[in-house]
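Everything below concerns the one structure shown next.
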Amino acid sequence: MKKTIVFATGNQGKMREIRQILAGMDVDILSMKEAGISMDIVEDGTTFEENAVIKAKAVASATKHIVLADDSGLEIDYLNKEPGIYSARYMGEDTSYDIKNANLIERLSGVEDEKRTARFVCAIAAVLPDGQILTVQGVIEGRIAYEPKGSNGFGFDPIFYLPEYGCTSAELSEEDKNAISHRGRALRAMKEKLKEVI
Numbered sequence: 000m001k002k003t004i005v006f007a008t009g010n011q012g013k014m015r016e017i018r019q020i021l022a023g024m025d026v027d028i029l030s031m032k033e034a035g036i037s038m039d040i041v042e043d044g045t046t047f048e049e050n051a052v053i054k055a056k057a058v059a060s061a062t063k064h065i066v067l068a069d070d071s072g073l074e075i076d077y078l079n080k081e082p083g084i085y086s087a088r089y090m091g092e093d094t095s096y097d098i099k100n101a102n103l104i105e106r107l108s109g110v111e112d113e114k115r116t117a118r119f120v121c122a123i124a125a126v127l128p129d130g131q132i133l134t135v136q137g138v139i140e141g142r143i144a145y146e147p148k149g150s151n152g153f154g155f156d157p158i159f160y161l162p163e164y165g166c167t168s169a170e171l172s173e174e175d176k177n178a179i180s181h182r183g184r185a186l187r188a189m190k191e192k193l194k195e196v197i
């Protein structure tokens, strides 16, 4: 019988990315909504990994399936690694990313290239039906751009500049982005771990 993985997110952009990267595994991948799970989860961890585990455990309490959860965000070195674990809630949960991105660019006004270093971090936790917990992390290094560019990504992608590609994360094709993104790297690492246990 085909196994089911429930991914603790309602974000459709994220679900599309997850399904593309985990393609080839003989599993059904459902979002929380598709699995009929609705809950508010308080993410009060101090690291991306702790928050991913908190989310995965909470959703696992409502299903017998394998549960995956991720926590990811942007760390800007010049801003003491802000917005970090508060990336989704930066400037308030309902604030648009256009406003968030403009704010971060403004806060780096006058800061030269080599001090604009930043990274996207993604931690993924899996809770298996027997209670076992697996965690992985993926990172991609870049810089904060001087202006938003591109429309292929979501969130902070338009201001995350990749020097080796000469463009922002939002200017990459979906395939290229999945190949190098923090979430792509973490998902592929988790895929390898899951293959050993499924």
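In this text, residue positions in the sequence shown follow numbering that gives the first Met the number 0: the first is 0, and each later residue adds one.
All C-beta atoms, glycine included, are put in the ideal place defined by N, C-alpha and C.
Relative to the Cα of Arg88, the nearest Cα in the group Glu42, Asp27, Leu21 belongs to Glu42. Arg15 and Ser180 have their C-alpha atoms some 14 Å from each other. A Cβ-Cβ distance of about 6 Å is found for the pair Leu21 and Leu186, placing them in contact under the 8 Å criterion.
With a cut-off of 8 Å on Cβ pairs, the region 108-122 is in contact with the region 69-77, counting three or more such pairs. For the pair Tyr96 and Phe155, the CB atoms are nearer than the 9 Å cut-off.
Tyr85 counts as exposed, since fewer than 16 other C-beta atoms from the protein chains shown sit within 10 angstroms of its C-beta. Taking a contact to require three or more Cβ pairs closer than 8 Å, the region 137-154 and the region 165-177 qualify as touching. Listed in chain order, the beta strand (DSSP E) elements of length 3 or more contained wholly in the region 23-101 are 26-30, 65-75. Secondary structure of Ala188 (DSSP, three-state): helix. In the structure shown, Lys194 adopts helical secondary structure according to DSSP, grouped into three states. Collapsing the DSSP output to three states places Gln11 in a helix. Taking the Cα positions, Leu127 is about 9 Å away from Leu67. Look at Leu103 here: in three-state DSSP terms it is helix. For Gly9, the closest C-alpha among the options Ala61, Ser37, Glu111 is that of Ser37.
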